[in-house]
Amino acid sequence: MQSPGTLHIVATPIGNLGDLSPRALETLRGVAAICAEDTRHTRQLLAHFGLERPLLALHQHNEDAQVAQLVARLQAGDSLALVSDAGTPLVSDPGFRLVRAARAAGIRVSPVPGACAAIAALSVAGLASDRFAFEGFLPAKASARRERLARLAAEPRTLLFYESAHRIEEALADMAAAFGDERPAVIARELTKLFETVLDGTLAQLRERVAADPNQRKGEFVVMIEGAGEDADAQVVEGRRLYAKLVEYLKPSQAAKLAAELSGAPRKALYGGD
999 MQSPGTLHIV
1009 ATPIGNLGDL
1019 SPRALETLRG
1029 VAAICAEDTR
1039 HTRQLLAHFG
1049 LERPLLALHQ
1059 HNEDAQVAQL
1069 VARLQAGDSL
1079 ALVSDAGTPL
1089 VSDPGFRLVR
1099 AARAAGIRVS
1109 PVPGACAAIA
1119 ALSVAGLASD
1129 RFAFEGFLPA
1139 KASARRERLA
1149 RLAAEPRTLL
1159 FYESAHRIEE
1169 ALADMAAAFG
1179 DERPAVIARE
1189 LTKLFETVLD
1199 GTLAQLRERV
1209 AADPNQRKGE
1219 FVVMIEGAGE
1229 DADAQVVEGR
1239 RLYAKLVEYL
1249 KPSQAAKLAA
1259 ELSGAPRKAL
1269 YGGD
């Protein structure tokens, strides 16, 4: 009987092609096929290293439909690799359904570690890294984004978010409303690329720097926010949670006034204050 193959989870560079490891190259060279989020992007990566392998599209729109077929190939003896467009697969990328199904079928799933934007950013941020919470991308809809952030206002761990260029200013404004203008934070942009930038300061300061420089609104972002201290004011935390909900229906000043009355928090701490 044919032994089953292995599903290799292969990290790829997030910008600098020199970050693809020799082991990753060896793995990609040896598999029967590579499952890729965007086959065009992965084909370019392979071409840079002189590799040619069959590519199979696996993304959020077809993963459910493809899993059974891919597991069948693995059971038949084919070894496959899973890659994302950049970084470590499954980290804010498709793939967990395939991994879950492969493990359930008794298939060996093996990691080939490498770049991850969130971890790379945290390593240079200078924020507490012994405990942190990765939140991925925030919702695109403003009300859902504010609600998510409001629920995190009292989180003591360092918070990590991915954000896109076209929403970075809105996201920073909502973060300041949820966590307070004076909460320390770090923005890492275009990591390992030519225009890599790491900015630190309070959320208010970072908002100003991003707004003032169009170049700081380009590329891909990791936003990291210092966790709430143990002495975080419970009334302020609750007030900011209420404000995030009320501001969807009221003017900011009215929302802050009502949230302050309901929570007992100072109005200034909820709207335009610290």
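Residue 1030 in the working numbering sits at position 32 of the sequence shown; the count goes up by one each step and never skips. Even for Gly, the Cβ is constructed at its ideal location relative to N, Cα and C. Remember, predicted model here, so these are calculated numbers, not experimental data.
Suppose you measure from the CA of residue i to the CA of residue j; what does that come to, to the nearest Å?
i, j, result
"Leu1018", "Thr1037", "17 Å"
"Tyr1160", "Val1220", "5 Å"
"Val1209", "Gln1203", "Residue identity check: residue 1209 is Ala in the sequence provided, not Val. Cα to Cα, Ala1209 sits roughly 10 Å from Gln1203."
"Leu1157", "Ser1001", "43 Å"
"Ser1141", "Val1097", "33 Å"
"Ala1070", "Ala1267", "57 Å"
"Gln1073", "Ala1116", "33 Å"
"Thr1040", "Asp1062", "21 Å"
"Gly1227", "Pro1052", "51 Å"
"Thr1190", "Ala1099", "33 Å"
"Ala1169", "Gly1028", "42 Å"
"Leu1197", "Ala1163", "15 Å"
"Ala1123", "Leu1068", "39 Å"
Residues in the same chain with beta-carbon distance under 8 Å from residue i, minus the five sequence neighbours each way, listed in chain order, please.
i, result
"Leu1023", "Phe1047 and Leu1049"
"Cys1114", "Ala1009, Ile1012, Gly1085, Thr1086 and Val1089"
"Arg1021", "Val1110"
"Gln1058", "Pro1092"
"Gly1104", "Pro1002"
"Thr1200", "Asp1179, Glu1180, Arg1181, Pro1182 and Ala1183"
Over what stretch of residues does the beta strand (DSSP E) that includes residue i continue unbroken?
i, result
"Asp1198", "Thr1195 to Thr1200"
"Val1221", "Glu1218 to Ile1223"
"Pro1182", "Pro1182 to Arg1187"
Under the DSSP definition of a beta bridge, which residues are partnered with residue i?
i, result
"Gly1006", "In the sequence under discussion, the amino acid at residue 1006 is His, which differs from the Gly named in the question. In DSSP, His1006 forms a bridge with Ala1079 and Ser1108."
"Ser1162", "Glu1218"
"Ala1055", "Ala1034"
"Leu1157", "Ala1131 and Ile1223"
Tell me the residue span of the alpha helix (DSSP H) that contains residue i.
i, result
"Glu1145", "Ala1140 to Arg1149"
"Ala1066", "Glu1061 to Gln1073"
"Arg1265", "From DSSP, Arg1265 is part of no alpha helix (DSSP H); its letter is neither H nor E."
"Leu1256", "Pro1250 to Ser1261"
Can you tell me whether DSSP reads residue i as helix, strand or coil?
i, result
"Glu1236", "helix"
"Leu1125", "coil"
"Ala1031", "strand"
"Gly1016", "helix"
"Thr1086", "coil"
"Ala1152", "coil"
"Ala1131", "strand"
"Leu1120", "helix"
"Ser1001", "coil"
"Val1097", "helix"
"Val1245", "coil"
"Thr1190", "coil"
"Pro1137", "coil"
Spatial neighbours of residue i within its chain, please: CB distance less than 6 Å, with the 5 preceding and 5 following residues excluded, ordered by chain position.
i, result
"Ser1108", "Thr1004 and His1006"
"Ala1055", "Thr1037"
"Ser1082", "Glu1035 and Asp1091"
"Asp1172", "Arg1143, Arg1144 and Leu1147"
Got a sec? Which residues, its chain only, sit under 7 Å from residue i by beta carbon, not counting five neighbours each side?
i, result
"Thr988", "The structure shown does not extend to residue 988, since the chain is modelled only from 999 to 1272, so the question has no answer here."
"Leu1015", "His1046"
"Ser1121", "none"
"Arg1205", "Leu1170, Ala1171 and Ala1174"
"Gln1064", "Leu1056"
Counting only C-beta atoms, is residue i closer than 7 Å to chain B at any point?
i, result
"Val1122", "Here there is only one protein chain, and chain B is not present."
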